[in-house]
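What follows is one structure encoded as structure tokens, with my remarks underneath.
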Amino acid sequence: MNEKRKPITEADLHAYADNLLDPKRRQEVEQYLEQHSEAAEQVRAYQEINTGLHQLFDHVLEEPIPSRLKQKSKTSHSSKPLQIAAMLATLAIGTAIGWLGRGEWNIGQQPIAQMVDHAFTAHVVYTPEVKHPVEVGANEEKHLVNWLTKRLDAPVKAPQLNTLGYELLGGRLLAAEGKPAAQFMYQNGLGNRLTLFIRKNPNGQRDTAFRFANNDSVRGFYWIDGELGYALIGETERTTIAKAAHLVYEQLAQ
0 MNEKRKPITE
10 ADLHAYADNL
20 LDPKRRQEVE
30 QYLEQHSEAA
40 EQVRAYQEIN
50 TGLHQLFDHV
60 LEEPIPSRLK
70 QKSKTSHSSK
80 PLQIAAMLAT
90 LAIGTAIGWL
100 GRGEWNIGQQ
110 PIAQMVDHAF
120 TAHVVYTPEV
130 KHPVEVGANE
140 EKHLVNWLTK
150 RLDAPVKAPQ
160 LNTLGYELLG
170 GRLLAAEGKP
180 AAQFMYQNGL
190 GNRLTLFIRK
200 NPNGQRDTAF
210 RFANNDSVRG
220 FYWIDGELGY
230 ALIGETERTT
240 IAKAAHLVYE
250 QLAQ
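In terms of numbering that gives the first Met the number 0, the sequence shown is numbered consecutively and its last residue is 253.
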């Protein structure tokens, strides 16, 4: 009797892109990709993302750990710098990349997927605004941060992206599934905008590594850290979003 072949899953596609399959399963996936062009395109996108992330972050893994962080790691089992290193390592090897199908934002019904839907929608709705892109301007940053912290009932920060050429315009209060959420907006000298969407951790999910999502020209990285979920969205190159997400995470971890 012929052994029944297991169906090809999303996990198999990720593992194939990351060269983690055994030879037999890899061959089965390759045969599947030959017959399913959309899945093959999806895998090519995963591989392209992996390559870009390696180029961006492999050097981080090779950098020596500063002595001050070594000392801190001896006194704290939950050291934030170590969490950053783990997050960047996971990002660099591309083990947790998410996918949004072409022309679709919905990546499933999980709470984190719904969070990303809200983040993309809010970005598309508010970034075209000329006169009122934000509710509270950057000139009232302290008030804005305190207000959003109170409404979300969690510590909210407004990261700075000036080193990437993006200045904080301000932010606003949003609603996501009937609960408060926040959006910070940034703009560079060319008028390109990035938005950082923040909401309480959906259903208490565990921390996640950075995951990539895109819909044509709109791209983003999203993740969960502690009691908050984040999504950084923009209509720019994936490498720019990745660098910005890295910078945001470092500042939030301080």
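Glycine included, each C-beta is placed from N, C-alpha and C at the ideal position.
Values in this document were obtained by computation on a predicted structure and should not be read as measured data.
For Tyr221, the enclosing beta strand (DSSP E) starts and ends at 217 to 224. Glu166 carries a strand assignment under DSSP once its states are collapsed to helix, strand and coil. Within the same chain, and ignoring the five residues on either side of Leu32 in sequence, the residues whose Cβ sits closer than 7 angstroms to its Cβ are Ala38, Ala39, Val42. According to the DSSP assignment, Pro158 belongs to no beta strand (DSSP E), since it is labelled neither H nor E. Straight through space, the alpha carbons of Leu12 and Met114 are spaced by roughly 24 angstroms.
Distance check between Pro6 and each of Arg24, Phe220, Ala241, Leu251 places Arg24 closest, using alpha-carbon atoms only. The residues Asn191, in chain order, have a CB closer than 6 angstroms to that of Thr235 in the same chain once the five nearest residues on each side in sequence are set aside. When Cβ pairs closer than 8 angstroms are counted between the two stretches, the stretch 216 to 224 is seen not to touch the stretch 160 to 174, the count staying below three.
Rounded to the nearest whole angstrom, the CA to CA distance from Thr120 to Ala230 is 12 angstroms.
Only residues of its own chain outside the window of five on either side were considered, and among them Phe183, Leu195, Leu246, Val247, Gln250, Leu251 have a CB closer than 8 angstroms to the CB of Pro158, listed in chain order. Under DSSP, Gly233 forms a beta bridge with Leu193, Arg218.
Between the alpha carbons of Gln186 and Glu29 lies a gap of roughly 43 angstroms. In the structure shown, Leu12 falls within a helical segment according to DSSP collapsed to helix, strand and coil. In chain order, Ala121, Ala180, Ala181, Gln182 place their CB closer than 7 angstroms to the CB of Leu173, counting only its own chain and leaving out the 5 sequence neighbours on each side. Around the beta carbon of Asn200, 16 or more other beta carbons lie within 10 angstroms, which makes this residue buried. Less than 8 angstroms divides the Cβ of Trp222 from the Cβ of Thr207. Taking Thr148 as the centre and dropping the five residues before and after it, the same chain places the C-beta of Pro154, Val155 closer than 7 angstroms to its C-beta, in chain order.
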